Amino acid sequence: METLKKNKEFKIIYNYGKKSYGYYSLVFFRKTENKNNRIGFVVSKKIGNAVCRNRIRRLFREYYRKNQNKIKEGYEIIFVGKKNAGNVYKNLKYQEMKKDIDKVFKKSNLFTY
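Sequence positions in the sequence shown follow our numbering and run 5 to 117.
Here it is in structure tokens:
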């Protein structure tokens, strides 16, 4: 998994990419010439404490790890956690997050099928 690291890379995707909303997440994406996908995970301090932010980030990483073969290649993707996820992070299950992100990816036409 290639990750986005620099602030400049994130700003390019925010400004020139597209976005799609879910209940727990917001996904920014942009088509590139690279064959591999590059991924970034953002969970703001406004969402909650460090435990909460890390839990949400882990859920995003797990989702990508399990579903990367279904996602179209050649995209830069940023997963952004929303306040709704922070409010229920203790009871938030992977399956709920998966269902939410699946809807976002289908709406954005990022799945291969």
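All C-beta atoms in this analysis are idealised placements derived from N, C-alpha and C, irrespective of residue type, glycine included. Nothing here was measured: the structure is a model prediction, and the numbers come from that model.
- request: Enumerate in chain order the residues of its own chain whose CB-to-CB distance from C56 is below 7 Å, with the five nearest sequence positions on each side excluded.
  value: Taking the sequence shown and counting its residues from 1, one reaches residue 56 at position 52. G90, Y93, listed in sequence order.
query: Between which two residues does the alpha helix (DSSP H) containing S112 stretch?
result: Here residue 112 refers to the residue found at position 108 of the sequence shown. Per DSSP, S112 belongs to the alpha helix (DSSP H) from 98-112.
query: Any idea if N73 is buried or exposed, counting beta-carbon neighbours within 10 angstroms, 16 or more meaning buried?
result: Sequence index remark: in the sequence shown, residue 73 carries index 69 (1-based). The residue in question, N73, is exposed, as its Cβ has fewer than 16 Cβ neighbours within 10 Å.
message: Using C-beta distances below 7 Å, list every residue in its chain close to Y20, excluding the 5 sequence neighbours before and after it, in chain order.
response: Counting from 1 along the sequence shown, the entry for residue 20 is found at position 16. So the qualifying residues of the chain are R34.
query: Does DSSP put Y20 in a helix, in a strand, or in coil?
result: In the sequence shown, counting from the first residue as 1, residue 20 sits at position 16. It is helical.
query: Should E80 be labelled buried (16 or more other beta-carbon atoms within 10 Å of its own) or exposed?
result: As a working mapping, residue 80 is identified with position 76 in the sequence shown. By the 10 Å Cβ count, E80 comes out buried.
message: Am I right that V31 and G85 are in contact with their C-beta atoms under 8 Å? What's the rounded C-beta distance?
response: For the purposes of this step, residue 31 is taken as the residue at position 27 of the sequence shown. For the purposes of this step, residue 85 is taken as the residue at position 81 of the sequence shown. Not really, about 11 Å apart at Cβ, beyond 8 Å.
query: If you compare alpha carbons, which of G44, I105, E100 is closest to L8?
result: Taking the first residue of the sequence shown as 1, we reach residue 8 at position 4. Checking every option, the nearest Cα to that of L8 belongs to G44.
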